[in-house]
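Student: This is the structure I have questions about; it appears just below.
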Amino acid sequence: MDEEWKRELGVWSDADSALDAFFGGKGTLRRAEGVSFAWSSLDSSSKYLLYAQGQVFEVEDDGTFAPGLLCRIANGAPLDQGYLREIDSEMPSTIRGFLHELLEIGRAHV
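In structure tokens form, the structure reads like this:
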């Protein structure tokens with residue numbers, strides 16, 4: 035991406051700044067259009083899987099955040115600021131890293 039385009043897009047020009055803006059109270063995190071999503075969990079494990087257009091993303095979590103988040107990404111409404119306020123205060127870095135990866139490869143956008 036050239037520098038002029040980055041200037042025009044501002045905080046939305048890359049995954050790092052877009053995610054920071056989202057967690058800072060701006061925007062809504064949405065699934066990319068045309069991408070099929072599904073999720074599952076491994077019994078008696080802290081591993082959760084999100085499937086996005088043939089890619090598999092593994093999320094480790096104690097069950098506090100991942101089930102609701104992955105279900106919402108795969109099946110529900112976009113992640114808006116109201117939902118973020120419900121979960122943000124204690125969100126593990128692994129979950130934030132997972133969201134960053136989705137943004138970075140274009141499976142989600144703000």
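Numbering (the working numbering), first residue to last: 35 to 144. We put the beta carbon where it would ideally sit given N, CA and C, even for glycine. Treat the numbers as computed from the prediction; the structure is a model and nothing was measured.
Could you tell me whether the Cβ atoms of TYR82 and ASP95 are closer together than 8 Å?
Tutor: In the sequence shown, counting from the first residue as 1, residue 82 sits at position 48. In the sequence shown, counting from the first residue as 1, residue 95 sits at position 61. Yes. Within cutoff.
Student: Contact between the stretch 120 to 133 and the stretch 68 to 77: three or more CB pairs below 8 Å?
Tutor: No, because fewer than three Cβ pairs between the stretch 120 to 133 and the stretch 68 to 77 fall closer than 8 Å, the two stretches do not touch.
Student: Which same chain residues, not among the five before or five after ALA55, have their C-beta less than 8 Å away from its C-beta?
Tutor: Taking the first residue of the sequence shown as position 1, residue 55 is located at position 21. Here the set comprises VAL45, TRP46, GLY61, VAL144.
Student: Do you know whose CA, among GLN87, VAL90, PHE91, SER80, lies nearest PHE99's CA?
Tutor: Within the sequence shown, residue 99 is the residue found at index 65, counting from 1. The candidate whose alpha carbon is nearest that of PHE99 is SER80.
Student: Would you say ALA142 and LEU63 are within 8 Å of each other, going by their C-beta atoms?
Tutor: By one-based count along the sequence shown, residue 142 stands at place 108. By one-based count along the sequence shown, residue 63 stands at place 29. Closer than 8 Å, so yes.
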